[in-house]
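Note sheet for the following structure.
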Amino acid sequence: MRLAAGLNNDNHLSAEAMERGWQCLRLFAERLQDIPQPQIRVVATATLRLAVNAGEFIAKAQTILGCPVQVISGEEEARLIYQGVAHTTGGADQRLVVDIGGASTELVTGTGAQTTSLFSLSMGCVTWLERYFSDRNLAQENFDDAEKAARDVLRPVADELRFHGWKVCVGASGTVQALQEIMMAQGMDERITLAKLQQLKQRAIQCGRLEELEIEGLTLERALVFPSGLAILIAIFTELNIQSMTLAGGALREGWCMGCCIWR
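For the sequence shown, the UniProt record's numbering begins at 1 and goes up steadily by one.
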């Protein structure tokens, strides 16, 4: 639903964005009507952490769904994402997990199921779209500005992430999913590297504008936020000197489900 697109400079969520969100939740409510309420858990993340009028959205959301909506902290979101990756990817290697959401990006290091550092940063593919690609131009300048801003956000946490280190890097976001779909469609190795990201950026720049973005393997539903997510990922690769990344098998949803099983 790209709820974060409805946030203005004062972090006020627009009526249009809220209605779009509520309409999406009505579809969920139809699917959930035969499931006992105690078996349903609803969590909200970055956009509703930021929105000054989040209470208004949540109140109606709870009425629509018939169950509580829990806004989780950025730290908790990062922890759950890591657990989702750990329990679906397996292995005991030191890993770095990256998840680029609509309004936040989570970066977590850990070994096996144990985290060693976790961060939730205020940048996402939807908020970066609105800030750096609002003119819908796919120019070098747009990418430069988006990447610089992302690196500025990353810089304060980069040293700690590098201190804990990693042997493998795993991506758990729609941006990474889109990249893998592109590489599969083009018969490429599924490992994501900075060189491949730079090639895709140049292809996007050649397209000129968002509405004209065409890359083999990129679906229409992912195209709008692909350039902004790509810029953030390039910044992460560059700032942290990441050699390669693979797609995770799970993320927040799987981490939350694992937690529910353990708590029971």
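No residue lacks a Cβ here, since even glycine has one placed at the ideal position from N, Cα and C.
Buried/exposed call for Arg41, threshold 16 Cβ in 10 Å: exposed
Inter-residue spacing [alpha-carbon to alpha-carbon] between Thr116 and Glu214: 40 Å
Candidates Leu32, Asp10, Pro38, Ala61: closest to Gln23 by CA position: Comparing alpha carbon positions, the residue from Leu32, Asp10, Pro38, Ala61 closest to Gln23 is Ala61.
Ile192 - partner residues in DSSP beta bridges: Met245
Unbroken beta strand (DSSP E) run spanning Cys125, endpoints: No beta strand (DSSP E) holds Cys125; the alpha helix (DSSP H) holding it covers 125-132.
Rounded C-alpha distance that separates Gly124 from Gly66: The straight-line gap from Cα to Cα measures roughly 29 Å.
DSSP-derived helix/strand/coil call for Leu210: helix
Closer than 6 Å: Ala86 CB and nearest the ligand ADP heavy atom: For the ligand ADP, the structure offers nothing, since it holds no ligand at all.
Residue environment, Thr105, which counts as buried when at least 16 other CB atoms sit within 10 Å: So Thr105 ends up on the buried side.
Beta-carbon proximity check, Arg2 vs Val126, cutoff 7 Å: yes
In chain order, each alpha helix (DSSP H) run of at least 4 residues that lies wholly inside the region 24-78: Fully enclosed alpha helix (DSSP H) runs of 4 or longer: 46-50, 54-65.
For residue 265, three-class secondary structure by DSSP: Only positions 1 to 264 of the chain appear in this structure, which leaves residue 265 out of reach.
Three CB pairs or more closer than 8 Å across the region 9-23 and the region 43-61: yes
Contact check, Trp166 vs Thr109, beta carbons under 7 Å: yes
Three-way DSSP call (helix, strand, coil) for Ser173 in this model: Here Ser173 sits in coil by DSSP.
Span of the beta strand (DSSP E), counted from its first residue to its last, around Leu96: 94-100
Whole-angstrom distance between Met184 and His164, CA atom to CA atom: 32 Å
C-beta contact flag for Tyr82 and Val71 at 7 Å: no
Within 7 Å, strictly: CB atoms of Gly84 and Glu190: Going by C-beta atoms, Gly84 is not nearer than 7 Å to Glu190.
Touch test, the region 28-45 against the region 149-162, Cβ-Cβ under 8 Å, three pairs minimum: no
Residue of Ser120, Glu216, Thr175, Leu210 minimising C-alpha distance to Asn137: Leu210
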